[in-house]
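In my numbering, the protein residues as written are 1 to 181.
Every residue gets a Cβ at the ideal spot worked out from N, C-alpha and C, and that includes glycine.
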């Protein structure tokens, strides 16, 4: 009589099923595709905002409206040549799809109320709006969420907090927050 060597068919099937169960439960820990996709979407949005702001600013320079506190360039509301942080400003310039939601926020630069800035937070419609704070300090190290903040250009204020400093126009800012994606 011959002695068999190897596994039976039943044993092989059981081992394959166990390996399949382990792979399904362990794979999401190693491959975080959803987070990477959300971060990539925000990077694309940030690039679109920078590109649109640059184009609008270039057209504002040509039109001579880049030093005015308010104005319109190519149907886009501008402040000092850059799109404003609202529906008729940066959102018009970027032409976002319905996949994105926005919320206008007012923040303080370096925690100083005299240096209040106007901004708009843009996030995916699938994300939770609760991560976007309405009173935001743009230099906080503990910022959390999954969104992009666009801060419109403004004129710098002197140390008394009342008079604009001549010639000191700050550019727009874009901040991408991804730690809760």
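{"Query": "Provide the residue(s) that pair with residue 83 in DSSP beta bridges, ordered along the chain.", "Result": "78"}
{"Query": "Helix, strand or coil: which one does DSSP assign to residue 123?", "Result": "strand"}
{"Query": "Counting only the same chain and skipping the five closest in sequence on each side, list residues whose C-beta sits under 7 Å from that of residue 65.", "Result": "71, 73, 78, 81"}
{"Query": "So who's on the other strand from residue 104, going by DSSP bridges?", "Result": "120"}
{"Query": "Just the Cα atoms here: how many angstroms apart are residue 91 and residue 97?", "Result": "10 Å"}
{"Query": "How would you call residue 145, buried or exposed, if buried means at least 16 neighbouring beta carbons within 10 angstroms?", "Result": "buried"}
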